[in-house]
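Written out below as structure tokens is the structure these notes cover.
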Amino acid sequence: MLERRLIVVSGKGGVGKSALAGALALAGARQGKRVLAISMVGDGGGLATHLGAPPLEFEAREVRPGLSALNIDRSKALIEYLILQAGVPAFAAFSPIARTFDSLASAAPAIREIVTIGKVLWEAKQDRWDLVVADGPPTGQIGSFLTAPTTIMDLIPTGRLRQHVSWMSSHLSDPERFGLVLVSLAEELPVAETVETLAWLESMDIVPPPLVVANRILSELPLPARIPAGPIGDAARHHTSLFEEQARRLERLDPDRTLPFQFGLFTPPEVAAHLADEVAAW
Amino acid sequence: MTEAVLVTGGGGVGKTTVSAALAVTAARAGLRTLVITVDPAKRLADALGLDALGSEPHPHPDEANLWAAMVDSSASWQGLARRHADPAVAERLVENRFFSAATGHFPASQSYAAAEEAARFLDAGAWELVIVDTPPAAGGLEFFTAPAAMTDLIGGRLLRLVTGGWLPGRNFLFDRTARPVLRIADHVLGAGLLEDVAKFLMDMRTTYDGVARRSREIEAHLKRAATVVVTTADPAPIREAVRMFRGLPEVAGRPVAVIFNRTLPAEWALAKPTNSTPLLRDNLARWGAEAARQVDLREEFASRYRTQLAEIPWLPKSPTDLDSLAALVDVAEGFDLRSLIPV
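Chains as they are written, first to last, in the numbering used here: chain A, 376 to 657; chain B, -15 to 327.
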């Protein structure tokens, strides 16, 4: 997985998306790769805390040796997009025209998404990075990001933008270069959403089959014939019932990889560092 | 008058479960109660009697006084267009290819729909208590800022930028090549896209007065409601909870309490196990470390935000019926969840 140029991590909210994205970026950096971690939606707070970094900005900043990070600010990404990819002169890109575009992006379909995924793909093409890991949109929105290039091609028959989206589609469909990771928990709603997303992705056939990861998984605890009273027995029963509940959910999810439950880890960087050990061999 | 409880928090913390538990308890206390949810888990939809999709309140087959409704964003937006625009304009809007895209993409769209539906049911006066399971977007804060954001969107800021400051008739579109904004837009986006968007926005503009008035009414409802924040002891939900406590007082009232879901017994943190197998001792040590982490996190949160704290134990199996939902309120410790119910 770490051999690809670009990895996008998606999952339902609260399943550990930012933790896994941070862990993959850390694991890449530990292997000596020059890594860029990108937060695609929101304020980048989740990714920043897992990397132990201050709030991320639109300019990539090194957060530790070999590992840089940035947060996609849509307005700035749009200006950059207009100048670098759409061929709009810089003076115009900083004029009210750009503000118009920014406002437009909130109403016109696929523009916000194309600018965001366009920025991620553009960074993945740069020679300064060996690996780009994106803390991606939640599974509920991943579809509109992945289909943004084709939506644009359907909507726009001509224009500069159209010329730029076909390379995006080809990058996203190349298993050598692009990997999608779907994280889930072994719980009802995340499993249902992941299974739904997988079926949709298969029907669309726009990206290589994703790697499905089950997070916070317990290992089996063999119980003695007589369970002692008090906390020791309560904790044993608690563990076993959770384990059985998870096993039922995992049967439906059928993950490619599992990550263990992290007991008693206090800080997000600790969690990401532990997970980085797990994902190093993926 | 109808009272409202708004249940907010990050994704995956059990907001819907807590909302349903409060609703069952209120209904059993004799209050005519409506719970509004967004995208519930199947087990909760089943428990609430929401077998069929429907955005209208549905009386529970087995529980008198309990109603449930699911927010349907697109139906809510179509209703909005029909209420606030001329019939011809409304039809044109609903048919416009940008209508579903804009209402689906507008970041606060689902939040606005949920707030609008909640306000509609509060106005109806048919219930004594309405419990709202808020959409997870931005941990629920967006639910409170959505009405203002909505007014802003339709308020013509975008239109002014596209058209240069005055509100045009449809004629301006034929003079579009004169405007540099539109020339560059055509260059980048291809001809026609911006024109379609502009037409759509001009139709939306006609709903402005109605939507602005409605947004103020919705905000007034939200300010009167009691808000609780649900979280687990995980970093992402905690960040959302912090956002609610820091940001909410600016747009609505301060949250009444924070509910920590999936709480482990605090005594596990201190337990010194003896006379058992190493396997079970190690297991308790692991869960004890987790319990200790939870205790620290709760104490830090409570002291920093000086708030009341309720704890719902970590149940290995999620509630799947009305009795187990109601039991959740009974087993909660700390802040009494029943005090949210105005009996």
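Each residue gets a CB set at the ideal place from its N, CA and C atoms; glycine is no exception.
Nearest by alpha-carbon distance to THR118 of chain B: which of B:VAL2, B:GLY194, B:SER308 is it?
Nearest C-alpha to THR118 of chain B: B:VAL2.
Which residue comes first and which comes last in the beta strand (DSSP E) that contains GLY321 of chain A?
The structure shown does not extend to residue 321 of chain A, since chain A is modelled only from 376 to 657, so the question has no answer here.
Could you tell me the alpha carbon to alpha carbon distance between PHE520 of chain A and ILE20 of chain B, rounded to whole angstroms?
Their backbone Cα atoms lie some 29 Å apart in a straight line.
Would you say ALA656 of chain A lies against chain B (beta-carbon separation less than 8 Å)?
Cβ-Cβ to chain B under 8 Å: no for ALA656 of chain A.
Does any CB atom of chain B fall closer than 8 Å to the CB of PRO597 of chain A?
It does: the Cβ of PRO597 of chain A has a partner Cβ on chain B nearer than 8 Å.
Comparing the C-beta of ALA610 of chain A with each C-beta of chain B, is any distance below 8 Å?
For ALA610 of chain A, the answer is yes, since a Cβ of chain B falls inside 8 Å of its Cβ.
Would you kindly check if the distance between the Cβ of ALA647 of chain A and the Cβ of HIS425 of chain A is under 8 Å?
Their beta carbons are under 8 Å apart, which means HIS425 of chain A touches ALA647 of chain A by this criterion.
For VAL213 of chain B, write down the residues that DSSP places opposite it in a beta bridge.
In the DSSP output, where bridge partners are listed per residue, VAL213 of chain B has B:THR(-8), B:VAL242.
From which residue to which residue does the beta strand (DSSP E) around PHE319 of chain B run?
Note, PHE319 of chain B: premise wrong, no beta strand (DSSP E); not H, not E.
Within the 8 Å Cβ cut-off, does PRO219 of chain B reach chain A?
Chain A contact via Cβ: present.
Rounded to the nearest angstrom, what separates ARG160 of chain B and TYR456 of chain A at their Cα positions?
Any reading at ARG160 of chain B needs caution, since the residue's pLDDT is 47, under 50, leaving its predicted position unreliable; the model's value is listed next. Using only the alpha carbons, I get a separation of about 24 Å.
For a test of the three-state rule: what should DSSP assign to VAL55 of chain B, helix, strand or coil?
Note: VAL55 of chain B maps to coil in three-state DSSP.
Going by DSSP, what residues sit across from ASN590 of chain A in a beta bridge?
ASN590 of chain A is bridged to A:LEU560.
I want to see whether chain A comes within less than 8 Å of PRO131 of chain B, judged by CB atoms only; does it?
With 8 Å as the cut-off, PRO131 of chain B does not count as an interface residue toward chain A.
Could you pull out every residue in the same chain whose Cβ sits closer than 6 Å to the Cβ of LEU555 of chain A, ignoring the five residues on either side in sequence?
The residues are VAL383, VAL582, PRO585.
Keeping to the same chain, check which residues put their C-beta closer than 6 Å to that of GLU203 of chain B; ignore five residues upstream and five downstream.
Counting only Cβ-Cβ distances below 6 Å, and skipping sequence neighbours, we find PRO131.
By Cβ distance, which residues of its chain are closer than 7 Å to TRP298 of chain B, with the 5 residues on each side in sequence left out?
Closer than 7 Å at Cβ, skipping near neighbours: ARG246, THR247, LEU248.
Just grab the DSSP bridge partners of GLN292 of chain B for me.
B:ALA241, per the DSSP bridge assignment.
With a threshold of 8 Å between beta-carbons, can GLY639 of chain A be considered close to chain B, or not?
GLY639 of chain A counts as touching chain B.
Check this for me: beta carbons of VAL240 of chain B and MET228 of chain B, under 8 Å apart or not?
No; because the gap between Cβ atoms is not below 8 Å, this pair is not in contact.
Kindly indicate the opening and closing residues of the beta strand (DSSP E) around VAL114 of chain B.
Its beta strand (DSSP E) spans residues 113 to 117.
Is DSSP giving PRO635 of chain A helix, strand or coil here?
Looking at PRO635 of chain A - three-state DSSP - the assignment turns out to be strand.
The beta strand (DSSP E) spanning ARG552 of chain A covers which residue range?
Element bounds for ARG552 of chain A: n/a, residue is neither H nor E.
Using the three-state DSSP reduction, which class does SER443 of chain A fall into: helix, strand or coil?
Residue state, collapsed to three classes: strand.
Which residues in chain A sit within 8 Å of ILE252 of chain B, going by Cβ to Cβ distance?
In the sequence as displayed, the identity of residue 252 of chain B is Trp instead of Ile. By Cβ distance, chain A contributes PRO606, ASP609, ALA610.
Please state the DSSP three-state secondary structure of GLU437 of chain A.
Correct three-state label for GLU437 of chain A: strand.
Using a Cβ-Cβ cut-off of 8 Å (strictly less than) and excluding sequence neighbours within five positions of GLN94 of chain B, which residues of its own chain qualify?
Answer for GLN94 of chain B: VAL22, VAL55, SER57, PRO119, ALA121, listed in chain order.
To the nearest angstrom, how far is the alpha carbon of TRP111 of chain B from that of ALA10 of chain B?
Cα to Cα, TRP111 of chain B sits roughly 11 Å from ALA10 of chain B.
Do the segment 288 to 297 of chain B and the segment 258 to 276 of chain B meet, that is, are 3 or more Cβ pairs less than 8 Å apart?
With the cut-off at 8 Å, the segment 288 to 297 of chain B and the segment 258 to 276 of chain B do not touch.
Using three-state DSSP, classify ALA5 of chain B as helix, strand or coil.
Three-state DSSP puts ALA5 of chain B in a helix.
Using CA coordinates, which residue listed in A:GLN621, A:GLY419, A:GLY389 is at the minimum distance from ALA444 of chain A?
Taking only the C-alpha atoms, the option nearest ALA444 of chain A is A:GLY419.
According to DSSP, simplified to helix, strand and coil, what is ILE202 of chain B?
In the structure shown, ILE202 of chain B sits in a helix (DSSP, three-state: H, G or I).
Could you tell me the alpha carbon to alpha carbon distance between ASP505 of chain A and ARG282 of chain B, rounded to whole angstroms?
Rounded to whole angstroms, ASP505 of chain A to ARG282 of chain B spans 41 Å at the Cα level.
Looking at the unbroken beta strand (DSSP E) that takes in THR21 of chain B, where does it start and where does it end?
Run containing THR21 of chain B: 17 to 21, per the beta strand (DSSP E) assignment.
Using DSSP bridges, identify the partner residues of VAL327 of chain B.
Paired residues: none, contrary to the question.
Would you kindly work out how many angstroms separate the C-alpha atoms of THR526 of chain A and ALA509 of chain A, rounded to a whole number?
THR526 of chain A and ALA509 of chain A: Cα-Cα distance of roughly 22 Å.
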